[in-house]
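A.B. asks: Chains as they are written, first to last, in my numbering: chain Z, 1 to 1218; chain L, 10001 to 10457. For glycine and all other residues, C-beta sits at the position ideal for the given N, C-alpha and C. Before we start, here is the structure in question, set down as structure tokens.
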Amino acid sequence: MTDIDAVPGMGPLLAARTFFTRSEVSADGRTLHQVDPSGWDRFYRDRWAHDKVVRSTHGVNCTGSCSWQVFVKDGLITWEHQATDYPSVGPESPEYEPRGCPRGASFSWYTYSPSRVRYPYVRGVLLEAWREARSRLGDPVLAWAELTGDPERARAYKRARGKGGFVRAEWDEVLELMAAAHVHTVKEYGPDRVVGFSPIPAMSMASFAAGTRFLSMIGGTLLSFYDWYADLPIASPQVWGDQTDVPEAADWWNSRYLIMWGSNIPVTRTPDAHFMTEARYQGTKVVAVSPDYADNVKFADDWLAPHPGTDGALAMAMGHVVLTEFFRERQVPYFTDYVRKYTDLPFLVTLEPRGDAYVPRRFLTAADLTDDAGENAAFKTVFLDEETGEPRVPNGSLGFRWGEEGEGRWNLDLAGATPALTLLGRAGRAVEVDLPRFDEGATEGGSVMRRGVPATEVGGKLVTTVFDLLMAQYGVPRADLPGEWPQGYEDAAQPYTPAWAEEITSVPAATIARIGREFARNAEVTEGRSMIAMGAGTNHWFHSDQIYRAFLTLVLLTGCQGVNGGGWGHYVGQEKVRPITGFQHLAFAFDWQRPTRHMAGTAFWYLATDQWRYEQIQADELSSPLGDGLFEGRSFADCNAQAARLGWLPSHPTFNRNPLTLADEAAAKGVGVAEHVVDELRSGRLRFAAEDPGEPANFPRVLTVWRANLLGSSGKGNEYFLRHLLGADAETRNREGIHPTEVRWREEATEGKLDLLTTIDFRMTSTALFADIVLPAATWYEKHDLSSTDMHPFVHAFNPAIAPPWQTRADYDVFLGLADAFSELAARHLGKRTDVLAVPLAHDTPDELAQPGGRVRDWKHGECEPIPGKTMPKIVTIERDYAAVGERMRGIGPLFAELGLTTKGVTYRVGPELDDLRARNGATPEGHVSLATADRMCEAILALSGTTNGRLSTQGFETLERRTGTRLADLAAEHEGKRITFADTRSRPQPVITSPEWSGSETGGRRYSAFVINVERDKPWHTLTGRQQFFLDHDWMIELGEQLPAYRPPLNMRRHYGEQGDGQDGAEVTVRYLTPHSKWSIHSEYQDNAYMLALSRGGPTIWMSVEDAARIGVADNDWIEAYNRNGVVVARAVVSHRMPAGTVYMYHAKDRNVNVPLTEKSGRRGGVHNSLTRLLLKPSHLIGGYAQFTYAFNYYGPTGNQRDEITVIRRRGQEVTY
Amino acid sequence: MRVMAQVAMVMNLDKCIGCHTCSVTCKQTWTNRDGVEYVWFNNVETKPGVGYPKRYEDQDRWHGGWQLDGRGRLKLRAGGRIKRLLNLFSNPDLPTLDDYYEPATYDYDTLINAPAGPHTPVIRPKSAITGRDMAITWGANWEDDLGGAPEHAPADPNLAAMAEKVAMEFDKTFMFHLPRICEHCLNPACVAACPSGAMYKREEDGIVLVDQERCRGWRMCVSSCPYKKVYVNHKTGKAEKCTFCFPRIEAGQPTVCAETCVGRLRYLGLILYDADAVLDAARVTDPRDLLEAQRRVFLDPEDPAVIAAARAGGISEDWIEAARRSPIYRLAMRYRVALPLHPEYRTLPMVWYIPPLSPVLDAVTGVGADADDPDNVFHAITDLRIPLEYLASLFSAGDTEVVAGVLMKLSAMRAYMRARTIDGTVATDLLESAGMTAADMEDMYRLLAIAKYDERY
């Protein structure tokens, strides 16, 4: 030891220590090194010690699909860490480990949380009334009938919703009550009045499937969620005929130019964000487009901060630059070749005179060329050959997809032809065209701009190309075309120049031009590796479809789509059930009967919650002056009713009569059911329920919510839900609106339509607080299930780390129990019945040919005959054995063997799979392959899907090859013998197999990117032209002025709904109200979690700019109230200069259950974030019956958008009461 | 030369997404128990901001770390032995709960058990300390994503010297996240200040620990630590701190915060250093020389003399091998892109940081880059949003040259790799400006970008 006194400034104290300890002061006497003494460290070692580690994941509400290691000690779950054993992405790429986020890392808190739902609960007032009636009447079904039939008693328990007073009940009693409600509703009102809501199956497929399988068997209505969440990008089915398909996160790494557009990746794609940060080191330029300085902006080389909702203008101006510099001033062969082959740009569109100019109408088809053009000629589009100038009908359009003549010809092979992109220099003439613009005008429909295109006559019709129209739409002048054109980029008066966009967005014109140019140039030198990751910030708007089409124009023009590292990346609530075929056929019980009652969620809620009664604008407000007046005087509800009767969208509850009764009537009359339905409809005796949603017979009666928080999270127009659906207290001050023309208006609006609301959950959400019954669910660490996502290419398992504690049960077992209870009562009350379904014209089936040209013909208006499957829904009957539901739930029915399984038009034959499953899963007493447990369901899902069963994938490609005539099956050949079993997914995440179920390829270990198979293997898109479509020619698209990409501004709520405030200047400020996804929750989940509350501000907040806060005297953390005509919210203010003035954020989804005081405005509990929103249906989202505009579940339907809203903010008294 | 081994960490702030997963997994594993509700061994701060606890970087207030006295001798800033003894029973430099935050819990069971009443049941905050109703006015991460904000930023000690250069305006917003754990310093003030001999640096790996049996709760460690990374367990009265997850480290596993870091920005490795050189390094006169002084304490694990001395000092072969493969050595010494946090505290911290590259331009004027050359996509680092002075205040005792040098290397790497991956060009001018060989540049790129699990730890 050195002389410690020689060490300056210290020592004596340390020196003294050596007398007390046996440790050794370091050589210089300044510090103390020692070997761990005396075992004091046992405390930390014990804390770290654990008994076992179990792999599981987090379900439902997050696309992360991260695999986690759950630690268990002494039979208790202690904590979770991310798994790091993902199969490698390859030596030259970052890996997926360690996937996870702080929300997921805090999940285990819920297991033993004091708010964990441990037992079944029923609200006391209902349970007492039920027990009384049940014991007096002896029959549960009669008891329910009496209880709900008595207005006074029904009102009593409905009024009590949301006001506490739960009492514990036993499982058997509660299941009997639920079963009685189901049986009575089926019998009295019809099975379609029984409704289920559960979202996003990919992240817990068996749990989802349990409920939907039960409801499908009884004929219940299954609500969609993707469109309802406004996460469905409607542009995707419009442009691609595909719901959504995107690159996996590791493909960002392959990009060389990445724009994050309204997508706050570090917050909303936390586990994937590193691929973005790491790609920068490989030289990828990253651009952030965000109205605030969001978490992702700090990674960006450029930050563009457009005003909220003006992203479309920005993208249109970038498109203007790309078309100008890469198509007009010079041509890039890579781009030109791409758009010729893979897009509709060369296809011919008819021009019709209108006033003193022309307007584009429809695609020219083979039917226009000759009278005898063969099968499906109206669905075969035409271009001119560059060499010969002659019209050509290339392979690959929709007309080749269905029918015998198209066999082997549904492909993109141009057979040596070179499509002419433009008629310039070839056309006989140039004509003026009128095109819609929306940046000016007295209504939302905007006004008109006049431009010009080269045109020629083909088949007796004046035509031009989509490309020529696009150049006109984007305002790119060429040659001496007539019309009014911008004078250059600096011309702010004409759409869509950079200077024009600067005025709208505030982004400098030079920046717009530079980013557009760089994006395209990067795509040129990398052959398509420019990418736009887009998110809810751009997708949750009323006109998001148009915003997205402006984005997609950028990636299509530059040949980025279908290329690794390029194209769009839509990351909003998207999900991917990789093993889709097995999943959807089992979930919807297609092994026992087909089809099921899928329903478009937004349309359902719009009617069920009476939001349609508060409409201040009509559909014609949206019509372009270039439209034909199709919406004149019509409400959105009228449009919705028309969509129902034309077979465009599903509509459940369907008719104003019990569908079981319809079948009985037809039998009694001795006529076919379809004939009977048509007769009754024609006579007007039978009506669609959507035409009279206020009629009590048409109400939804029983609603079960599982894996979801409808009332605290997704329910736009929350206060309308509370008032009209539930009959609970509500805060809306909105006045009733314009009466529809066709939909019946009843003076009295009903409060409390629903007889029974049940939720199955492990935590007390708003849905639970307002439910009549709360059933205790097992958590994600307590059951078997499967998870997959589009963010990575793996499937992996949920496993129980512990058995479900207390009286909790896995969703799978809850529905088995309910099915048993139902069957028992149904045996007495229902027996075997025939159900009648009205089924909309379906996507990926020959129904796509039903309504050629997208012309609207309404049988009700005498414009055509009501022909099921052609001009109206198909009428289908299903024989239901209601007593057998419990038994059928547990076994695979006969239809798989008889009919196979069909996904996206490809049918899979599954003989060997069923034999194999019988060996693995065993059989039911009735001899069916067993599905009696969730792990068996998982096994069946994997066995019956191409992505997880190489034999099926290969078979599917071989089937598809016969239609396309191109080589495909080799994509799966490397894995033909591979079978991913449930045991495999439990041991480690398993990479999936390339399959015709999806459009990309993992073959050879490559990263998944959407539409790679289309681009590399000439497989058409599922659209009219078979190509990626810029142009859309349905009548309603013409009416709305949306045939081509265009900028439509956010709805002018102030104009439509008036000032929202009380006019107290200085005390109030009116601002745009946005609800971006939160850092501290996944939707409403985790916001009640102690860890997330500790790391955030402990309750609901609204983020405000410094300027807005100053205007009303608000300091950081002050209590404020936000209110508008729809409702009232109380929250703390977060004040930061990273927020733009004029906009506030209330991060999605703020429930009312944590730290929400009573409002000053109403004296009641403050609302949820969606208390300030209300639904608005966009008519184009209702279209169906034509090509890619045909219906599929979660594929098409009105979005529950919410971004266009405004609110008033006021500082409230700082003393709050609860 | 006395060779010792130290487990050290580098965090690449340029990759930090501010998600706080590290904080949650750490807290779940180590401090979700009574007495340490307010304690986050690992926390993440948004900078600018006052941090946790408030203004912990203000050593004029807290007197943490070391300073040189008038004669150039190294002294604890908290004062000499006598002063510290006098303060044993009333330490004026101890943060109060208000400086951290009052942890809250909620009456969670109300949601289920609320009787029938006029309003929808709600849970409200209750103090986790007193159990009484409380209003939440500060928290463990109160400033998250504020970017400073006008109400809080002025209190950030790093902004004090540069207030006129930083406007809290929308167009000029900047922020980044700073995850922090114990620095496991080579010259730990907490160890020197402990009157009980309870705090020590582990002989074999340098992890700084509190012997829970020996701790008498004097709390001198809390006030002496300039990073405020020693905490008091208010139930036991003893000091607790980040243990560098020693039960995991001993088993060859990374720390919890490192392994669960979703941004993949944490690196762990061994550093060999000369224990005899520590004191001289800590007492160089100019704080701006502390970085180089600390680097000189680190020993080259490839140097035969060092290896021989390590063996002689009893360091095992596998540890020597680990030191040779250490990503920490590569990042701090070879590529010199990692920097210590507040070297001016003179504790020679062993958790280093790669400063964030944030080349976002002014959103409104849109100047910069080469508007005419679409192939020139990157901005110059002169366009950085984060002021160099701010980063220098954190990582180089105010020396902006040092920070600029690191950011230049990162920028050069991006431009170099862009050319390499797009058309195979080797941009020798970029290599020269970064002072690196192509092999080193690509190795650094692999370490930072591809960053496989086995390379990070």
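Against phenylalanine 43 of chain Z, what residues of chain L qualify as contacts under a CB-to-CB distance less than 8 angstroms, listed in chain order?
C.D. replies: Within 8 angstroms Cβ-Cβ: Gln10212.
A.B. asks: Are there 16 or more other CB atoms within 10 angstroms of the CB of histidine 739 of chain Z, so buried, or fewer, so exposed?
C.D. replies: When all chains shown are included, histidine 739 of chain Z counts as exposed.
A.B. asks: Which complete alpha helix (DSSP H) runs does the segment 10080–10105 of chain L hold, if anything under 4 residues is left out?
C.D. replies: 10081–10086, all fully within the segment 10080–10105 of chain L.
A.B. asks: Quick check: the segment 872–881 of chain Z against the segment 665–677 of chain Z, are there 3 or more CB pairs under 8 angstroms?
C.D. replies: Yes, the segment 872–881 of chain Z touches the segment 665–677 of chain Z.
A.B. asks: Kindly examine the ligand PLP and report whether one of its heavy atoms sits closer than 7 angstroms to the Cβ of glutamate 503 of chain Z.
C.D. replies: Of ligands this structure carries none, so the ligand PLP is not represented either.
A.B. asks: Here's a check: name, in chain order, each residue in its chain whose Cβ is nearer than 6 angstroms to the Cβ of threonine 221 of chain Z, leaving out the five neighbours to either side.
C.D. replies: Within the same chain, threonine 221 of chain Z has close Cβ partners Asp192, Val195, Arg597, Met599, His652.
A.B. asks: Comparing alpha-carbon positions, which option in Z/Phe383, Z/Phe225, Z/Leu710 lies nearest glycine 573 of chain Z?
C.D. replies: With distances taken between Cα atoms, glycine 573 of chain Z lies closest to Z/Phe225.
A.B. asks: Based on Cα-Cα distance, which residue from Z/Trp500, Z/Thr765, Z/Pro840, Z/Ala749 lies nearest to valine 705 of chain Z?
C.D. replies: Comparing Cα-Cα distances from valine 705 of chain Z to each of Z/Trp500, Z/Thr765, Z/Pro840, Z/Ala749, the minimum goes to Z/Thr765.
A.B. asks: On the DSSP bridge list, what partners appear for leucine 881 of chain Z?
C.D. replies: Note that residue 881 of chain Z is aspartate in the sequence shown, not leucine. Per DSSP, Z/Lys832.
A.B. asks: At a Cβ cut of 8 angstroms, what residues of the segment 445–476 of chain Z count as close to chain L, listed as they run along the chain?
C.D. replies: Per Cβ criterion, the list is empty.
A.B. asks: Classify tryptophan 10062 of chain L: buried if its beta carbon has 16 or more other beta carbons within 10 angstroms, exposed otherwise.
C.D. replies: The residue in question, tryptophan 10062 of chain L, is buried, as its Cβ has 16 or more Cβ neighbours within 10 Å.
A.B. asks: Out of L/Ser10326, L/Arg10324, L/Ile10354, which one is the CA nearest neighbour of arginine 10336 of chain L?
C.D. replies: Closest option to arginine 10336 of chain L, Cα to Cα, is L/Ile10354.
A.B. asks: CB-CB under 6 angstroms to glutamate 10292 of chain L, same chain, minus the five flanking residues each way: which ones, in chain order?
C.D. replies: So the list is empty, once near-sequence residues are dropped.
A.B. asks: To test your reading of the DSSP string, which unbroken alpha helix (DSSP H) runs of 4 or more residues are found completely within the segment 725–772 of chain Z?
C.D. replies: Qualifying alpha helix (DSSP H) stretches, in chain order: 766–770.
A.B. asks: For tyrosine 10345 of chain L, tell me which candidate among L/Arg10077, L/Val10003, L/Gln10006 has the shortest Cα-Cα distance.
C.D. replies: Per the Cα distances, L/Arg10077.
A.B. asks: Go through its chain and collect everything with a Cβ distance to phenylalanine 275 of chain Z's Cβ below 7 angstroms, but skip five positions before and after it.
C.D. replies: Hits under 7 angstroms: Pro94, Ala249, Ala250, Trp252, Trp253.
A.B. asks: Could you have a look at valine 10367 of chain L and say whether DSSP puts it in helix, strand or coil?
C.D. replies: Caution is warranted here: a pLDDT of 46 is assigned to valine 10367 of chain L, below 50, making its placement in the model unreliable, and no coordinate value can be reported.
A.B. asks: Per DSSP, what kind of secondary structure is isoleucine 10123 of chain L in: helix, strand or coil?
C.D. replies: Looking at isoleucine 10123 of chain L - three-state DSSP - the assignment turns out to be strand.
A.B. asks: From this set, Z/Gly1005, Z/Gln1043, Z/Lys1019, Z/Lys298, which residue's C-alpha is nearest leucine 626 of chain Z's C-alpha?
C.D. replies: The residue with the shortest Cα to Cα distance from leucine 626 of chain Z is Z/Gln1043.
A.B. asks: For leucine 10511 of chain L, would you say it is in contact with chain Z, using Cβ-to-Cβ distances shorter than 8 angstroms as the test?
C.D. replies: Residue coverage of chain L in this structure runs from 10001 to 10457, which leaves residue 10511 of chain L outside it and unanswerable.
A.B. asks: Verify the CB distance criterion: does arginine 10414 of chain L have a CB-CB separation below 8 angstroms to chain Z?
C.D. replies: Answer yes: the Cβ-Cβ gap between arginine 10414 of chain L and chain Z drops below 8 angstroms somewhere.
A.B. asks: In chain L, what lies closer than 8 angstroms to proline 102 of chain Z by C-beta?
C.D. replies: Ordered by position in chain L, the residues that pass the 8 angstroms Cβ test against proline 102 of chain Z are Cys10019, His10020, Thr10021, Ser10023, Val10024.
A.B. asks: Taking Cβ-Cβ distances below 7 angstroms as the criterion, which residues of the segment 744–766 of chain Z are in contact with chain L?
C.D. replies: For the segment 744–766 of chain Z, which is checked against every Cβ of chain L, the residues closer than 7 angstroms are Met764.
A.B. asks: Can you tell me where the alpha helix (DSSP H) with aspartate 545 of chain Z in it begins and where it stops?
C.D. replies: Start and end: 544–557.
A.B. asks: Within the continuous beta strand (DSSP E) that includes alanine 10008 of chain L, where are the two ends?
C.D. replies: That run of the beta strand (DSSP E) goes 10003–10012.
A.B. asks: Mind checking which residues open and close the alpha helix (DSSP H) that includes lysine 187 of chain Z?
C.D. replies: From DSSP, the alpha helix (DSSP H) with lysine 187 of chain Z extends over 171–188.
A.B. asks: Do the CB positions of alanine 771 of chain Z and threonine 759 of chain Z come within less than 8 angstroms of each other?
C.D. replies: For alanine 771 of chain Z and threonine 759 of chain Z, yes; Cβs fall inside 8 angstroms.
A.B. asks: Where arginine 42 of chain Z and cysteine 10245 of chain L are concerned, what is the direct C-alpha to C-alpha distance, given to the nearest angstrom?
C.D. replies: Rounded to the nearest angstrom, the two C-alpha atoms are 13 angstroms apart.
A.B. asks: Between the alpha carbons of lysine 1178 of chain Z and glycine 537 of chain Z, how many angstroms are there, rounded?
C.D. replies: One C-alpha to the other measures close to 18 angstroms.
A.B. asks: Would you verify that the beta carbon of leucine 971 of chain Z is, or is not, closer than 8 angstroms to some beta carbon of chain L?
C.D. replies: Chain L contact via Cβ: absent.
A.B. asks: Taking Cβ-Cβ distances shorter than 8 angstroms, what residues in chain L pair up with serine 93 of chain Z?
C.D. replies: Simply Ile10450.
A.B. asks: Per DSSP, what kind of secondary structure is proline 10387 of chain L in: helix, strand or coil?
C.D. replies: Coil, per DSSP.
A.B. asks: Helix or strand or just coil, what does DSSP make of arginine 153 of chain Z?
C.D. replies: Note: arginine 153 of chain Z maps to helix in three-state DSSP.
A.B. asks: Can you tell me which of the three DSSP states glycine 965 of chain Z falls into?
C.D. replies: The answer is coil: DSSP assigns glycine 965 of chain Z none of H, G, I, E or B.
A.B. asks: Does chain Z have any CB closer than 8 angstroms to the CB of tyrosine 10273 of chain L?
C.D. replies: Cβ-Cβ to chain Z under 8 angstroms: no for tyrosine 10273 of chain L.
A.B. asks: DSSP beta-bridge partners for phenylalanine 10298 of chain L?
C.D. replies: The partner list for phenylalanine 10298 of chain L (beta bridge, DSSP) reads L/Tyr10273.
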